[in-house]
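Here the sequence shown stands for residues 1 to 362, numbered as in the UniProt record's numbering.
A virtual CB, placed ideally from N, CA and C, is assigned to each residue, including glycine.
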Amino acid sequence: MDRALELAHESLFVTSPNPRVGCVLVGPDGRVIGTGRTQQAGGAHAEVMALRDAQAGGYVTQGATAYVTLEPCSHQGRTGPCCDALVAAGIARVVASIADPNPLVGGRGFERLRAAGISVEVGCGAEESRELNIGFFSRMIRKKPWVRLKAAISLDGFTAMPSGESQWITSEAARSDGHLWRARSCAVLTGVGTVLADNPKLNVRNIDTPRQPMVVVCDSQLRTPPEAALFDCDRRVLIYTASSDSRLAQRLKSRGAEVRRVDSTMRGRMDLRVVLADLAQEGVNELHVEAGAILNGSLLASGLVDELLMYVAPTLLGGGVGVARMPPLGRLSEAPRFDYVSALPVGGDVRLIARSHGANDF
């Protein structure tokens, strides 16, 4: 199972919107006869890849054990049911990490395997598999992506100088590490304020990845310039707006953007919960937020951030732009609570990961 989890991790940048899954086939004599991992969406799943590997090696799969990091699927999607492939291959035993949260599967894969006379064991490597697919579990169970907010800050909590200068607060190593987190996400979310101030590309650079995450912009008044750098990369661009100005929308559509109108809240801002629900419908598992203080503050104040990814530089700015602009709190007990997950030196900086209190309770 350790090897199967390693294989699943190798699919970190590949499988979206599908889960990252690894499979190892072991013959009756205890030898590994096949390995596989889930391919890009529309490609073969881990179990089928492992069966193909065994066949290519001239191995017989009759009576073998399949170690797989997620319940084999039981439905017809872009590929056929993996549980049927295992049955047809004569697999005698399946050891799976965890049940698939997809309601189209949800235990049916295990039922079909057992009905075919295959022994099924569940639980080995469950925590690791769920963690590797935290966004997939979130989308399937909560109907919203796993929202990860990334920021680079000084020791005193500022993301930029009062002038707006921010390049670069953190080291090159920290910035490279940040691109790894971009690469594993399904979409990168920003606000129009960041687009106007920094004109970022928001693409993955210097990372070997077969795809670029979709870019999502919250732009209530459609102020995104058609010449913005984010249009220069080959990936989907989705803009959410409260504006009904068809002329402005058409200018952005002419650059390839998809523009979607979202109703405003009582305060006149877009309903971010509606945005997240729509992104879940689009198959977004992990949403990587790189935005300014206003959008960050709105997400945090609404309780929509699951995880903070903070790169802290050993420097003091003494003032400047904060991570988030939120309404003043009446009491300390009203403050959003996060639990530290890890603290790791990256270059000369420290990478902090913290999760919203109770974010994993689903």
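- Look at the beta carbons and you see the segment 19 to 34 not touching the segment 145 to 158: under three pairs across the two are nearer than 8 Å.
- Membership of PHE338 in the beta strand (DSSP E) is indicated by the continuous run 338 to 346.
- A distance below 9 Å separates the beta carbons of HIS179 and ILE207.
- Taking 9 Å as the cut-off, the beta carbon of VAL120 is found closer than this to the beta carbon of VAL94.
- Leaving aside the five residues that flank SER264 on each side, the residues in its chain whose CB is nearer than 8 Å to its CB run, in chain order, SER220, ALA242, MET270 and ASP271.
- Membership of HIS288 in the beta strand (DSSP E) is indicated by the continuous run 286 to 289.
- Secondary structure in the segment 134 to 189: the alpha helix (DSSP H) runs of 4 residues or longer, each lying completely within the stretch, are 134 to 142 and 172 to 184 in chain order.
- Under the 10 Å beta carbon count, ILE239 is surrounded by 16 or more other beta carbons and is classified as buried.
- By DSSP's assignment, ARG260 forms a beta bridge with TYR240.
- In the three-state scheme derived from DSSP, where H, G and I count as helix and E and B as strand, GLY109 is classed as helix.
- Between GLU307 and ALA359, the gap from beta carbon to beta carbon is short of 9 Å.
- Spanning the alpha carbons of ALA354 and ALA293 requires a straight line of approximately 18 Å.
- Contact between the segment 155 to 168 and the segment 33 to 49 is not established, with fewer than three Cβ pairs separated by less than 8 Å.
- The C-alpha of LEU276 is placed about 14 Å away from the C-alpha of ILE141.
- Leaving aside the five residues that flank ASP245 on each side, the residues in its chain whose CB is nearer than 7 Å to its CB run, in chain order, LEU222.
- Under the DSSP assignment, ALA249 falls in the alpha helix (DSSP H) whose first and last residues are 246 to 253.
- When the Cα atoms are used, ARG236 and GLY283 turn out to be separated by approximately 13 Å.
- Taking the CA atoms as reference points, PRO213 sits about 7 Å from ALA183.
- A direct Cα-Cα distance of roughly 31 Å separates HIS357 from PRO200.
- With contacts defined as CB atoms closer than 9 Å, GLY80 and GLY63 fail to qualify as a contacting pair.
- With a 10 Å radius around the Cβ and a threshold of 16 neighbouring Cβ atoms, LEU189 comes out buried.
- Note on geometry: alpha-carbon atoms of LEU309 and PRO103 lie some 30 Å from one another.
- When PRO72, ASP234, PRO226 and LEU132 are compared, the shortest CA-CA separation from GLU111 is found for PRO72.
- At the C-beta level, LEU7 and GLY36 come within 9 Å of one another.
- The closest CA to that of LYS150, considering only ARG337, ALA126, VAL32 and VAL323, is found on VAL323.
- In the three-state DSSP reduction, ALA66 falls in the strand class (E or B).
- When the beta-carbon positions are compared, GLU47 and VAL68 come within less than 9 Å of each other.
- Between ASP53 and GLY34, the C-beta gap is smaller than 9 Å, which places the two residues in contact.
- Only buried fits ALA50, as 16 or more other CB atoms lie within 10 angstroms of its CB.
- Here the alpha carbon of ILE98 sits roughly 8 Å from the alpha carbon of CYS124.
- At least 9 Å separates the beta-carbon of ARG108 from that of PRO17.
- Bounds of the beta strand (DSSP E) holding GLU307 are 307 to 312.
- Here TYR311 is buried, its C-beta having at least 16 other C-beta atoms within 10 Å.
- For PHE362, the closest of ASN203, ASP234, PHE136 and ARG261 by C-alpha to C-alpha distance is PHE136.
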